Amino acid sequence: MNYKPSEIEPKWQEKWKNEKTFSYDGKKSCKKKYYILEMFPYPSGKLHMGHVRNYSIGDVIARYHFRKGYDVLHPMGWDAFGLPAENAAIENKIPPAKWTYSNIEAMRERFGQLGFSYDWEREIATCYPDYYRWEQRFFIEMFNKGLVYKKKSEVNWCPQCNTVLANEQVEDGICWRHGTAVTKKKIEQWYFKITDYAQELLESLDNLHGWPNHVKEMQRNWIGKSTGTYIDFKFEDRDDKVTVFTTRPDTLMGVTFASIAVEHPMAAQIAEESGKKDEMEAFIQEVKKLHEVMRDDSYEKKGVFTGKYLVHPVTEERIPLYFANFVLADYGTGVVMAVPAHDQRDFEFAIKYDLPVKVVIKPERDELSEPLKEAYTDSGIMVNSGQFNGL
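For our numbering, add 9 to where a residue sits in the sequence shown, where the first one is 1.
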C-alpha cells in the first residue's frame, strides 16, 4: 500500500471536522463521561517536537476512551497571558496581541494537521475577555470573602524572562525556556488561603489512584495542613531562638540534632558566623538549584554542620544545627527538630553523618532491637524520657 499522508490525512481530518466526530454533547448522551485536559500551551512561538510528544500522549488516552465507548470531553486552549508572550513580542518587534493571535492561528493549524481529537468548539484563550472576566470575578469574590492576601516570599526568578517561574519550569537551576541560571528573589505576591480548604484537599488525594507516592507527598506538603505543636530552641551562643513545628511532641526527648532550610531568614547570618562561610554558601546555592521534587523523602539526604548549637528546652543538652537539603522553608517553620529513631528522613541523615539515634517510643507489647535498621514511626509507649516514661 502506498501511503500518501498529504492526500489521505486531510481527507479524514475534513471528515472529522464536518461530522463533528470529537465534539462533546453530554446532555444528549447516555454514555459514561470522560474528561481529559492537557496543560494549555503558551502561544509564544511555534509548535516543536516537545509539544508533539506531550499532546500525542493525551490524544492516545482520549482515543482509547472513545474506543471504550465513553463520551469524551477533550478541549484545547491557550495560556496566552503573561510576560513570556510579552517578552517574545518584544524580541520579535511585534505588538503582543498581534504576536499572540498569529501564533494561536499557526499552532491551531499544526494541531489540526497532527489529527489530534480536540473539540475545537470549546477552544479558549486566557487573553479572551469572555474568559478572563470570570477569573477577575472569582478573584474579587474570594478577596471580598477574605480568602486572598498579600505577602513577600522567595520565588524562582529568571532574569531573561523577567518573571517568576514555577518549580516545574526550573531544571537543575536553569530556566527551561532560555537556559538562563535561575536566581531566588523575594517579591510581594497575592496568595489564596487554600489552608481554609486543606482537609478537603487532603482527602481528595485518596482519589489519585496510581499516582506516585512521592508526588502525593509533595501535594500534602504543599497543602500544608498539620496538627502539632510549636517548640522554641534557644541558641547556645546568643540571646536568640528558632521555633520548630512538630506533629510528634511525644518524641521531644529523642532530639539529637536540628536541621534548618537553606532559605530560612537566618540562613545567611548563620553562614556568616560559621567560620566556614564559603562552604556554607556553596551548599546553600547547591540546594537552592534543586527542584523541590529532589528534596523529598526519596532522594539522598545531604547536609552540612553550621557550627551552631541549640539548647534542648527540657534536658538543656547541646543540639547541633545542620543545613539540610530535605528541609523546606515554606513547610512548618523551616527548622526541624530531628528525632532519627522515629523519623525516617532524620534516621538516614543521622546514619550518614554519624549522629546519635535515641529511642524514646517503643511498641506497647514488644521491644525494639537496637541498633535500629530503620526509624520506628508508629505510636507506642514513651521510654528514655524521664518523668514521661510509660505514657
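Ideal Cβ positions, reconstructed from N, Cα and C, are used throughout, including at glycine.
Just so you know, these numbers come straight off a predicted model, no measurement behind them.
_So, with DSSP's three-state summary, where would you put Tyr-44?_
Numbered from its first residue, the sequence shown carries residue 44 at position 35. Strand.
*Which residues does DSSP pair with Leu-174 in a beta bridge?*
Here residue 174 refers to the residue found at position 165 when the sequence shown is read from its first residue. According to DSSP, Leu-174 bridges with Asn-165.
*Within 10 angstroms of the Cβ of Trp-143, are there 16 or more other Cβ atoms? Answer buried if so, exposed if not.*
Numbered from 1 along the sequence shown, position 134 holds the residue referred to as residue 143. So Trp-143 counts as exposed.
*Rounded to the nearest angstrom, how far is the Cβ of Thr-260 from that of Val-348, given a contact under 8 Å?*
Numbered from 1 along the sequence shown, position 251 holds the residue referred to as residue 260. Numbered from 1 along the sequence shown, position 339 holds the residue referred to as residue 348. Their Cβ separation, rounded to whole angstroms, is 4 Å, which keeps Thr-260 and Val-348 in contact under 8 Å.
*Mind checking which residues open and close the alpha helix (DSSP H) that includes Pro-138?*
Here residue 138 refers to the residue found at position 129 of the sequence shown. Membership of Pro-138 in the alpha helix (DSSP H) is indicated by the continuous run 138-153.
*Is Met-275 helix, strand or coil when you go by DSSP?*
Within the sequence shown, the letter at position 266 stands for residue 275. Judged by DSSP in its simplified three-state form, Met-275 adopts coil rather than helix or strand.
*Check whether the segment 205-221 touches the segment 168-175, taking contact to mean three or more Cβ pairs, one atom from each stretch, closer than 8 Å.*
Below 8 Å, too few C-beta pairs join the segment 205-221 and the segment 168-175 to call them touching: fewer than three.
*Grab me the residues of Ile-70's own chain with a C-beta within less than 6 Å of its C-beta, minus the 5 sequence neighbours each way, in chain order.*
The sequence position of residue 70 within the sequence shown is 61, counting from 1. Cβ neighbours of Ile-70 beyond the five flanking positions: Ile-45.
*Straight-line Cα distance separating Ala-267 from Val-313*: For the purposes of this step, residue 313 is identified with residue 304 of the sequence shown, where counting begins at 1. For the purposes of this step, residue 267 is identified with residue 258 of the sequence shown, where counting begins at 1. Put simply, the backbone Cα of Val-313 is about 11 Å away from that of Ala-267.
*On the DSSP bridge assignment, give the partners of Gly-86 in chain order.*
Position 77 of the sequence shown, counted from the start, is the residue given in the question as residue 86. Note: Gly-86 is bridge-paired with Ile-133 in the DSSP secondary-structure output.
_Bounding residues of the beta strand (DSSP E) (the contiguous stretch that carries Trp-199)_ = Stepping through the sequence shown from its first residue, residue 199 is reached at position 190. Membership of Trp-199 in the beta strand (DSSP E) is indicated by the continuous run 192-201.
*Roughly how far, in whole angstroms, is the beta-carbon of Glu-163 from the beta-carbon of Lys-193, given that I think they are within contact range, below 8 Å?*
Walking along the sequence shown from the start, residue 163 turns up at place 154. Walking along the sequence shown from the start, residue 193 turns up at place 184. Contact check for Glu-163 and Lys-193: beta-carbon distance about 5 Å, within the 8 Å limit, so the pair qualifies.
*Pull up the distance between the alpha-carbon of Lys-311 and that of Lys-382, whole angstroms please.*
Within the sequence shown, numbered from 1, the residue matching residue 311 stands at position 302. Within the sequence shown, numbered from 1, the residue matching residue 382 stands at position 373. Between Lys-311 and Lys-382, the C-alpha separation is close to 19 Å.
*Residues in its own chain within less than 6 Å of Val-344 by CB, not counting five upstream and five downstream?*
Within the sequence shown, residue 344 is the residue found at index 335, counting from 1. Taking C-beta separations shorter than 6 Å and ignoring five residues to either side along the sequence, the partners of Val-344 in its chain run Val-251, Val-253 and Ile-269, following chain order.
*asked:* By alpha-carbon positions, which one of Phe-147, Lys-41 and Asp-246 ends up nearest to Val-81?
replied: Reading the sequence shown from its first residue, position 72 is the one you call residue 81. The candidate whose alpha carbon is nearest that of Val-81 is Lys-41.
*Given Ala-7 as reference, the closest of Ile-113, Glu-177, Glu-180 and Met-151 once Cα atoms are compared*: The structure shown has nothing for residue 7, since the chain only spans 10 to 400.
*asked:* Suppose contacts are defined by Cβ-Cβ distances below 8 Å. Is Glu-272 in contact with Ala-338 by that definition?
replied: In the sequence shown, counting from the first residue as 1, residue 272 sits at position 263. In the sequence shown, counting from the first residue as 1, residue 338 sits at position 329. Yes, these two residues count as a Cβ contact at 8 Å.
_Which of helix, strand or coil DSSP assigns to Ser-213_ = Sequence index remark: in the sequence shown, residue 213 carries index 204 (1-based). The answer is helix: DSSP assigns Ser-213 an H, G or I state.
*First and last residue of the alpha helix (DSSP H) that includes Ser-283?*
Position 274 of the sequence shown, counted from the first residue, corresponds to residue 283. DSSP places Ser-283 in no alpha helix (DSSP H); its state is neither H nor E.
_Reference Thr-342; option with closest CA among Thr-256, Glu-376 and Lys-26_ = The residue you call residue 342 lines up with position 333 of the sequence shown. It is Thr-256.
*asked:* Less than 8 Å between the C-beta atoms of Tyr-158 and Tyr-206, yes or no?
replied: Working through the sequence shown from its first residue, we reach residue 158 at position 149. Working through the sequence shown from its first residue, we reach residue 206 at position 197. No; because the gap between Cβ atoms is not below 8 Å, this pair is not in contact.
*Assuming His-74 and Tyr-33 make a contact with CB atoms under 8 Å, what is their CB distance in whole Å?*
Stepping through the sequence shown from its first residue, residue 74 is reached at position 65. Stepping through the sequence shown from its first residue, residue 33 is reached at position 24. Under the criterion of beta carbons closer than 8 Å, His-74 and Tyr-33 do not qualify as touching, at roughly 12 Å.
*May I ask you to check if the CB of Glu-118 is nearer than 7 Å to at least one heavy atom of the ligand GDP?*
Ligands in the displayed structure: none, and consequently the ligand GDP is not present.
*Could you give the uninterrupted runs of the beta strand (DSSP E) lying entirely in the segment 211-263, keeping only those of 3 residues or more?*
Entirely contained in the segment 211-263, the beta strand (DSSP E) runs reaching 3 residues are, in chain order, 238-244 and 250-255.
*Whole angstroms is fine: what's the gap from Lys-26's alpha carbon to Gly-124's?*
Start at 1 with the first residue of the sequence shown, and residue 26 comes out as number 17. Start at 1 with the first residue of the sequence shown, and residue 124 comes out as number 115. Answer to the nearest angstrom: the Cα atoms are 10 Å apart.
*Exposed or buried, which one is Ala-97 when buried takes at least 16 other CB atoms within 10 Å?*
Translated into positions along the sequence shown, residue 97 becomes position 88. Ala-97 sits buried, since 16 or more C-beta atoms from the chains shown fall within 10 Å of its C-beta.
*Alpha carbon to alpha carbon, how far is Asn-153 from Arg-354? Give it in angstroms, no decimals.*
Mapped onto the sequence shown, residue 354 falls at position 345. Mapped onto the sequence shown, residue 153 falls at position 144. Their backbone Cα atoms lie some 41 Å apart in a straight line.
*Have a look at Asp-246 and Val-264 and give me their C-alpha separation to the nearest angstrom.*
By one-based count along the sequence shown, residue 246 stands at place 237. By one-based count along the sequence shown, residue 264 stands at place 255. Using only the alpha carbons, I get a separation of about 19 Å.
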